[in-house]
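Printed below as a string of structure tokens:
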């Protein structure tokens, strides 16, 4: 389910891309600078909106890269406008588009580490389940919540996107 | 990965259970009624904290029930205190404790529906990936964010819990 979950995350990046448009629309209706959203946050010592979006993007990008061994594009975190954030989100979607189910073979038993783990490691399976998935949803939901808290007209359907419903 | 993901959700309910204690501690330090937290929300037309926690619990409980066919306990949404919310969270953790990996065999091909889908259905696989997992994380992260926004001293480690790190 690694590939399927990464595809679900890509779908949700597409939703996030639409929330940025909804934010711009609300700012226009209320006559304020839409790029103010980048600095909004829910608590003084929590990430602001721009870093929530950057971290959402990095979480899925790095998870895909670590589980497939395929190099990911580097992003220097210099976004200053909603347009910059659109570009960041779409760049990660394009990177994910280039991966296939076959690339994730053996993902569960890969050895994953990162500098803050001070030399310790996790299996790909544990890393994905305990770290990547919860972190992705943490940051994308905070991105949603910051916009929602600041007036943007988005709801659960904008979060989930279209479901694969069918006739019984 | 259905069972493993449900176990991860159970772990996160255990974290949520601790956030309730952190909320009570902050309320005591600031001398306000800790049960005020139940009504706090991030936007006037979003669920308040009590309903975020109830929906977090229901999302994983109903997902486990629908994917295994095992009846889940009913909860009437009458919680009025942090103690009530502790009980709700722990009841769902106890229900999940009673399920095994074997119970989830065939989960992917089960047919899932709910009243709001107006007669339409999803496969167990699609329902879990597109609906249950994103909704669970949406509501548990909003529960976290409402507390964080209202002064509670919780951070990413409290969200993720202990990771399965090991020596290389």
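Residue numbers (my numbering), protein chains in the order written: chain A, 576 to 743; chain B, 576 to 743.
Ideal Cβ positions, reconstructed from N, Cα and C, are used throughout, including at glycine.
Check, Outcome
"State the DSSP-derived secondary structure class of residue 686 of chain B, mapped to helix, strand or coil.", "strand"
"Is it a yes or a no for the segment 664-680 of chain A touching the segment 631-647 of chain A, going by three-plus beta-carbon pairs under 8 Å?", "yes"
"From residue 643 of chain B to residue 684 of chain B, what distance separates their C-alpha atoms?", "11 Å"
"Tell me whether residue 698 of chain B sits in a helix, a strand or coil according to DSSP, three-state version.", "strand"
"Could you check the C-alpha separation between residue 623 of chain B and residue 721 of chain B for me, to the nearest Å?", "8 Å"
"Check whether chain B comes within 8 Å of residue 601 of chain A, counting only Cβ atoms and requiring the distance to be less than that.", "no"
"Just to confirm the assignment, what range does the alpha helix (DSSP H) spanning residue 576 of chain A have?", "Neither: residue 576 of chain A is in no alpha helix (DSSP H) and is coded neither H nor E."
"Does any residue of chain B have a CB that is nearer than 8 Å to the CB of residue 594 of chain A?", "no"
"Residues in the segment 665-683 of chain B with C-beta within 7 Å of chain A's C-beta atoms, listed in sequence order?", "none"
"Which residues bound the alpha helix (DSSP H) around residue 610 of chain A?", "Here residue 610 of chain A belongs to no alpha helix (DSSP H), and DSSP marks it neither H nor E."
"Evaluate contact between the segment 592-607 of chain B and the segment 576-584 of chain B, counting only Cβ atoms and requiring at least three cross-stretch pairs below 8 Å.", "no"
"Would the segment 721-741 of chain B count as touching the segment 607-617 of chain B if we require 3 or more Cβ pairs under 8 Å?", "yes"
"Is the segment 726-736 of chain B touching the segment 600-611 of chain B in the sense that three or more CB pairs, one from each, lie closer than 8 Å?", "yes"
"Which residues in chain B have a C-beta closer than 9 Å to the C-beta of residue 686 of chain A? List them in chain order.", "743"
"Less than 8 Å between the C-beta atoms of residue 627 of chain B and residue 714 of chain B, yes or no?", "yes"
"Exposed or buried, residue 741 of chain A, counting other C-beta atoms within 10 Å across all chains shown (16 or more means buried)?", "exposed"
"Do residue 709 of chain A and residue 704 of chain B count as a contact pair if the criterion is CB distance below 8 Å?", "no"
"For a minimum of 4 consecutive residues, which ranges assigned as the alpha helix (DSSP H) are wholly contained in the segment 701-733 of chain A?", "708-724"
"Please say whether residue 706 of chain B and residue 738 of chain A have beta carbons closer to each other than 8 Å?", "yes"
"Checking contacts by CB at 8 Å: is residue 694 of chain B closer than that to chain A?", "yes"
"Please confirm if residue 534 of chain A has its CB atom under 8 Å from at least one CB of chain B.", "What the structure shows of chain A is the stretch from 576 to 743, and residue 534 of chain A is not part of that stretch, so it cannot be assessed."
"Applying a beta-carbon distance threshold of less than 8 Å, which residues of chain A neighbour residue 617 of chain B?", "617, 720, 723, 724"
"Could one say the Cβ of residue 649 of chain A lies closer than 8 Å to chain B's Cβ atoms, at least one of them?", "no"
"Taking Cβ-Cβ distances shorter than 7 Å, what residues in chain A pair up with residue 580 of chain B?", "704"
"Taking C-alpha atoms, which residue in B:682, B:702, B:712, B:634 lies nearest to residue 649 of chain B?", "B:634"
"Tell me, please, whether the CB atom of residue 627 of chain B is closer than 8 Å to any CB atom in chain A?", "no"
"Please classify residue 625 of chain A: is it buried, with 16 or more other beta-carbons within 10 angstroms of its beta-carbon, or exposed?", "buried"
"Identify the continuous alpha helix (DSSP H) that holds residue 671 of chain B and give its terminal residues.", "657-672"
"Name the chain A residues whose beta carbon is nearer than 8 Å to that of residue 735 of chain B?", "705, 706, 709, 710"
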